[in-house]
Amino acid sequence: MKKIISFILLGVLALTYSSCFEDHDDNPQYSSLEVKDFVWKGLNAVYLYKDPVLNLHNDAFANNEDYTNFLNSYASPEELFESLMYQRESIDRFSWITNDYIQLEQQLSGISLHNGMEFGLVRESQSSSTVYGYVRYVLPNTSASAQGLQRGNFFDKVNGTPLYYNSSTDNNFDLFNSNSYTISLAFYNDNGTSETSDDSIESTGETITLTKQSYTENPIYYSDVFQVGGINTGYLMYNGFTSSFDGQLNNVFGNFLANNIQNLILDLRYNPGGSVNTAIILGSLIAGHNGDVFSIEEWNSEIQSHLEDTNPESLINRFTNNDDGTPLNILNLDKVYILTTGSSASASELVINCLKPYIDVVQIGTTTTGKPQASTTIYDSDDFSREGANPNHTYAMQPLIYKSLNANGVTDYYTGLTPNIEVSEKLSNLGVIGDVNETLLAAAISAIEDSNRSPVTESKPSKFELVGDSNDLIPFGKDMISNKPIPSF
Numbered sequence: 001m002k003k004i005i006s007f008i009l010l011g012v013l014a015l016t017y018s019s020c021f022e023d024h025d026d027n028p029q030y031s032s033l034e035v036k037d038f039v040w041k042g043l044n045a046v047y048l049y050k051d052p053v054l055n056l057h058n059d060a061f062a063n064n065e066d067y068t069n070f071l072n073s074y075a076s077p078e079e080l081f082e083s084l085m086y087q088r089e090s091i092d093r094f095s096w097i098t099n100d101y102i103q104l105e106q107q108l109s110g111i112s113l114h115n116g117m118e119f120g121l122v123r124e125s126q127s128s129s130t131v132y133g134y135v136r137y138v139l140p141n142t143s144a145s146a147q148g149l150q151r152g153n154f155f156d157k158v159n160g161t162p163l164y165y166n167s168s169t170d171n172n173f174d175l176f177n178s179n180s181y182t183i184s185l186a187f188y189n190d191n192g193t194s195e196t197s198d199d200s201i202e203s204t205g206e207t208i209t210l211t212k213q214s215y216t217e218n219p220i221y222y223s224d225v226f227q228v229g230g231i232n233t234g235y236l237m238y239n240g241f242t243s244s245f246d247g248q249l250n251n252v253f254g255n256f257l258a259n260n261i262q263n264l265i266l267d268l269r270y271n272p273g274g275s276v277n278t279a280i281i282l283g284s285l286i287a288g289h290n291g292d293v294f295s296i297e298e299w300n301s302e303i304q305s306h307l308e309d310t311n312p313e314s315l316i317n318r319f320t321n322n323d324d325g326t327p328l329n330i331l332n333l334d335k336v337y338i339l340t341t342g343s344s345a346s347a348s349e350l351v352i353n354c355l356k357p358y359i360d361v362v363q364i365g366t367t368t369t370g371k372p373q374a375s376t377t378i379y380d381s382d383d384f385s386r387e388g389a390n391p392n393h394t395y396a397m398q399p400l401i402y403k404s405l406n407a408n409g410v411t412d413y414y415t416g417l418t419p420n421i422e423v424s425e426k427l428s429n430l431g432v433i434g435d436v437n438e439t440l441l442a443a444a445i446s447a448i449e450d451s452n453r454s455p456v457t458e459s460k461p462s463k464f465e466l467v468g469d470s471n472d473l474i475p476f477g478k479d480m481i482s483n484k485p486i487p488s489f
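For the sequence shown, this note's numbering gives the first residue as 1, with consecutive numbering after it.
Structure representation (structure tokens):
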């Protein structure tokens, strides 16, 4: 069906072109139809949820006229793309489309426009739409660091406009999209009581202007070795599964090995995900198990059936002992302590879920995002790869293509992974990353000191609830990126 429609559509496009007597660059209708054809073809071929989306079935259209009318019934490629998504609010919250794959490729390699402020966004309750921002960490050598912003700073306005949130589609978070914007600073007021019900966030009257610049973020934010009960313990805050930093990640574990650490605290609280291959490397660095099943892929029924028949091994990702020939500094631990929040997503969850069949994973913090699916970049070419991409446009898609299962078959954690020890960050006192008194790290240290403790909730519920973070404002911010080529058949 895909090839037939594509062939006939070329004829339709040619007729459109010859009848209009216009240059292609001046003919947005031609370009729009061409891109819409790419959108349908790509999703029809690889979309994880092709089966329940009837308009993506191979026999969805009786003939080319029906197909072309269907494409033309949508005002833009983006509108068509959204119409083909499955359960957007609950299951597929993460597939997306871009009209500039050059920028996408830069972002996926860790290069983006950034002002250096990583932040969370909270509101008082579901009955309130007023939103406040708080600084989680500041990247070095950026506008935010130059302005003196620090973890624990608050803000209540952007460009003088109060922030609000009613839903994922009804908010004004697009205020952060500008290359330069001004935030109005605020402070957390606990009103001198230990209760949270009377807490508030109030304006200071100060403002700071932040400017974005081209920036490459090192996901290895902080690492250290310290003693807990006389035993060397490693700590790593890791903020993104960026494959270009895999060598540096291996070096951190080399330092852990050199210091003979017996405990590891892996801080993924702000890690939105990234490369599946990097997740495999991190899991291998922690636990070893070379050659054992790390994860299993489950694609749409058409691709799944083909791969099960022709190459079932391609559906399995295995633990490894090397990174492109470079030996990994493997700790071979039988227990790991992992810090999480609602901002821990995709590849972070993959590591947690896929280590559980092999070692004791003690999850500390709050429930994760809930994203067991992986995506990949789809280009408008014969095999959907970058090579041979249609030169007439720079559209690309990042659809979900498979969901991951661990070696025991566990998947579908769409509501997130629940911690063994529930501890929330204290907005009134976020603490310093890496300081043993910081709330989540202190909870991990306490768990190491008393390994027989039962799952508990250790902090009072906050008056404020998280509604988003800075990674939500990036299209691929919480993606799990597959490094494999799209199967062809």
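The beta-carbon is built from N, C-alpha and C at its ideal position, and this holds for glycine as well.
Within this structure, are the beta carbons of Val138 and Phe464 separated by less than 8 Å?
no
I'd like to know if the stretch 431-438 and the stretch 407-420 are in contact, where contact means that at least 3 CB-CB pairs between them fall below 8 Å.
no
What span of residues does the beta strand (DSSP E) with Phe155 cover, start to end?
154-158
Rounded to whole angstroms, how far is the Cβ of Tyr132 from the Cβ of Asp156, which I believe are closer than 8 Å?
5 Å
In chain order, each beta strand (DSSP E) run of at least 3 residues that lies wholly inside the stretch 128-172:
130-138, 154-158, 161-167
State yes or no: is the C-beta of Ala75 within less than 8 Å of the C-beta of Gly116?
no
Sequence-distant residues of the same chain with beta carbon closer than 7 Å to Leu405, five excluded per side:
Ser295, Ile296, Glu298, Thr411
Sorted by chain position, which residues of the same chain lie with C-beta nearer than 7 Å to Ile231's C-beta, five sequence neighbours on each side aside?
Gln262, Asn263
Whole angstroms are fine: how far does the CA of Gly274 sit from the CA of Asn492?
Limits of the chain in this structure are 1 at one end and 489 at the other, which puts residue 492 out of reach.
Let me know if Pro140 comes out buried or exposed under the rule of 16 or more other beta-carbons within 10 Å of its beta-carbon.
exposed
Would you call Asn483 buried or exposed, if buried means 16 or more other Cβ atoms sit within 10 Å of its Cβ?
exposed
Quickly, what does DSSP pair Gln398 with across the bridge? List them, please.
Trp96
Three-state secondary structure (DSSP) at Asn263?
strand
Is it right to say Tyr30 is buried, meaning 16 or more other beta carbons lie within 10 angstroms of its own, or is it exposed?
Its pLDDT being 45, under 50, Tyr30 is placed unreliably by the model, and the measurement read from it follows with that caveat. Buried is the call here.
Please tell me whether Tyr86 and Val53 are closer than 8 Å, where the distance is taken between their beta carbons.
yes
Could you name the residues of the same chain whose beta carbon sits closer than 6 Å to that of Asp267, not counting the 5 residues immediately before and after it, in chain order?
Met237, Leu339
For Ile364 and Leu473, which I take to be in contact (beta-carbon distance under 8 Å), what is that distance rounded to the nearest angstrom?
With 8 Å as the limit, Ile364 and Leu473 do not qualify as a contact, their Cβ atoms being about 27 Å apart.
Validate contact between the stretch 379-387 and the stretch 351-359 using beta carbons, cut 8 Å, 3 pairs:
no
Closer than 6 Å by C-beta to Arg386: which residues in its own chain qualify, once you throw out the five before and the five after it? Chain order, please.
Tyr379
Can you list, in chain order, the residues of its chain whose CB lies under 6 Å from that of Ile265, leaving out five sequence neighbours each side?
Tyr235, Tyr337, Ala444
With 16 other CB atoms within 10 Å as the buried threshold, where does Gln373 fall?
buried
Is it right to say Ala62 is buried, meaning 16 or more other beta carbons lie within 10 angstroms of its own, or is it exposed?
exposed
Kindly give me the distance between the Cβ atoms of Ser329 and Phe253, rounded to whole angstroms, as I take these residues to be in contact under 8 Å.
Checking the displayed sequence, the identity of residue 329 turns out to be Asn instead of Ser. Indeed they touch by this definition, with Cβ atoms about 4 Å apart.
In terms of residue numbering, what span does the alpha helix (DSSP H) encompassing Lys36 cover?
28-46
Among Asp324, Val276, Leu331, Ser314, which has the Cα closest to the Cα of Glu349?
Val276
Let's see if you can read the secondary structure: which residues bound the beta strand (DSSP E) around Gly468?
465-469
Beta-carbon proximity of Ile220 to Phe245, cut-off 8 Å:
yes
Starting from Val228, follow the beta strand (DSSP E) in both directions and report where the run begins and ends.
220-228
Please determine, among Ser73, Phe94, Lys36, Trp40, the residue with the shortest C-alpha to C-alpha distance to Met490.
What the structure shows of the chain is the stretch from 1 to 489, and residue 490 is not part of that stretch, so it cannot be assessed.
Taking Gly120 as part of the beta strand (DSSP E), name the residues at either end of that continuous run.
117-123
Give the C-beta separation of Tyr402 and Leu48 to the nearest angstrom, bearing in mind that I take them to be a contact with Cβ-Cβ under 8 Å.
6 Å
Can you tell me the Cα-Cα spacing of Asp51 and Lys41, whole angstroms?
14 Å
Whole angstroms are fine: how far does the CA of Ser32 sit from the CA of Ala396?
13 Å
Going straight from the alpha carbon of Gly342 to that of Ser462, what length do you get?
14 Å
List the endpoints of the continuous beta strand (DSSP E) containing Glu492.
Here the chain has residues from 1 to 489 only, and residue 492 is not among them.
Please look up how many angstroms separate the CB atoms of Asn332 and Gly288, rounded, as I've assumed it's under 8 Å.
4 Å
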